[in-house]
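Structure first, then comments.
Right, here's the structure in full:
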């Protein structure tokens, strides 16, 4: 049994899902393997609403997986996101998930690959 923030998790998998679970968290994290400005991330995830991206980024930052840096030295305001050292520990897992998805897309006739 694992406990964090007064919530109990029955196994390490459920604890992991606390950090990367949900429809968009892992997707956002894999896009942040390389540091990105907010607008770059929005363009790459154009099918996700701005509100959803903002909420997920706040949660990932709160969980210590990403770092948000605001540059205010000159207009326009610039905001960048990047993985923290803790977040970088997820890179092998995220790449494994992405590879599994690619292999599944190739072998599963129900999956249509579009650009």
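Residue numbers (the UniProt record's numbering): 1 to 115.
Ideal placement from N, C-alpha and C gives every residue a C-beta, glycine not left out.
Bear in mind the structure is a predicted one, so any value in this text is a computation, not a measurement.
Item: C-beta atoms of residue 86 and residue 65 nearer than 8 angstroms; Value: yes
Item: Member of 9, 98, 22 and 29 whose CA lies at the smallest distance from the CA of residue 82; Value: 29
Item: Assigned secondary structure, residue 30 (DSSP; H/G/I helix, E/B strand, else coil); Value: helix
Item: The stretch 41 to 51 / the stretch 10 to 28 touching (three or more Cβ pairs under 8 angstroms); Value: yes
Item: Burial state of residue 77, where buried means 16 or more other Cβ atoms lie within 10 Å; Value: exposed
Item: Proximity below 8 angstroms, CB of residue 18 to CB of residue 9; Value: yes
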